[in-house]
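Taking it in order: structure first as structure tokens, then the write-up.
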Amino acid sequence: EMTAVMAGGVSFLQSPILIFVRLAEGVLLRDLIEASIPVRFIYVLLGPFHDEKDYQDIGLSISNLMASKAFRQAAYTVQSKSQLLFAANEVLPPPSYTRDIDLIDATQIMKKRESILIKNAQCEQAAAAAAAAAAAAGDGNDGDKKPPERNPLIRVGIPFYGVYRDIKDRYMKYPSDIID
Numbered sequence: 001e002m003t004a005v006m007a008g009g010v011s012f013l014q015s016p017i018l019i020f021v022r023l024a025e026g027v028l029l030r031d032l033i034e035a036s037i038p039v040r041f042i043y044v045l046l047g048p049f050h051d052e053k054d055y056q057d058i059g060l061s062i063s064n065l066m067a068s069k070a071f072r073q074a075a076y077t078v079q080s081k082s083q084l085l086f087a088a089n090e091v092l093p094p095p096s097y098t099r100d101i102d103l104i105d106a107t108q109i110m111k112k113r114e115s116i117l118i119k120n121a122q123c124e125q126a127a128a129a130a131a132a133a134a135a136a137a138g139d140g141n142d143g144d145k146k147p148p149e150r151n152p153l154i155r156v157g158i159p160f161y162g163v164y165r166d167i168k169d170r171y172m173k174y175p176s177d178i179i180d
């Protein structure tokens with residue numbers, strides 16, 4: 001027997017709805033499932049689109065839970081929601097983190113990210129000001145200058161531009177590579 005798990009988001013709900021049905025006997029649901037295996041459990045989870053939860057991942061978790069023989073046996077006999085939750089807690093392993101490790105708070109991470117963004121913006125402004133000052137201080141004779149050295153780590157945004165630049169820069173060295 002198998003479990004039919006359906007999860008998704010809809011626009012007309014304000015909060016998630018969960019339905020877990022245990023049928024008295026396995027039933028072939030040919031319109032729902034292509035396999036000719038009787039369905040004994042039906043799990044339906046619907047939630048609002050605007051919610052940040054991923055309902056497909058929750059459905060996948062329920063499928064993994066139903067794959068456990070111990071939970072499946074408990075699901076055959078439970079009579080209430082609390083018994084079903086107790087059976088899930090018995091099957092699932094305990095959390096693997098320890099209390100003595102200091103976990104970073106999300107607000108600290110956001111503050112750090114904002115400080116990095118501000119620092120990067122200040123560096124870009126300083127570089128732009130230095131480039132403008134260098135251009136203003138130029139003597140007008142640009143014929144002697146070499147083009148600025150290219151930084152290969154800067155993202156350009158053109159597909160395969162890095163490969164193109166590598167080939168262009170190394171083209172003169174290809175014959176010696178082949179001869180060697």
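Using UniProt numbering, read the sequence shown as starting at 1 and increasing by one per residue. Every residue gets a Cβ at the ideal spot worked out from N, C-alpha and C, and that includes glycine.
### Query
So, helix, strand or coil for Leu-45, using DSSP?
Reduced to three states, the DSSP call for Leu-45 is strand.
### Query
Does the pairing of the segment 38 to 57 with the segment 20 to 28 give three or more beta-carbon distances under 8 Å?
The segment 38 to 57 vs the segment 20 to 28: in contact.
### Query
With DSSP run on the structure shown, which of helix, strand or coil describes Arg-72?
Three-state DSSP puts Arg-72 in a helix.
### Message
So residue 259 and Leu-46 are supposed to be a Cβ contact under 8 Å. How far apart are they, rounded?
### Response
The first residue shown for the chain is 1 and the last is 180, placing residue 259 beyond what the model contains.
### Message
Using 8 Å as the threshold, is the C-beta distance between Leu-65 and Val-91 below it?
### Response
Yes, the Cβ-Cβ distance between Leu-65 and Val-91 is below 8 Å.
#### Entry: For Ala-75 and Leu-84, believed in contact at Cβ under 8 Å, the rounded distance
Taking a contact as a CB-CB distance under 8 Å, the pair Leu-84 and Ala-75 counts as one, their CB atoms being some 7 Å apart.
### Message
Here's a check: name, in chain order, each residue in its chain whose Cβ is nearer than 6 Å to the Cβ of Val-44, leaving out the five neighbours to either side.
### Response
If we look at Val-44 and ignore the five residues flanking it on each side, its Cβ neighbours are Met-6, Ile-19.
### Query
Just the Cα atoms here: how many angstroms apart are Val-27 and Lys-81?
The alpha-carbon atoms of Val-27 and Lys-81 are separated by roughly 23 Å.
### Query
Secondary structure at Gly-9, three-state DSSP: helix, strand or coil?
Strand.
### Query
Quick one: Cα of Gly-8 to Cα of Leu-29, how far?
For Gly-8 and Leu-29, the gap between their C-alpha atoms comes out near 20 Å.
### Query
Anyone know if the C-beta pair for residue 183 and Ser-68 falls short of 8 Å?
This structure cannot speak to residue 183, because the chain is shown only from 1 to 180.
### Message
Suppose you measure from the CA of Lys-119 to the CA of Ala-129; what does that come to, to the nearest Å?
### Response
Between the alpha carbons of Lys-119 and Ala-129 lies a distance of about 15 Å.
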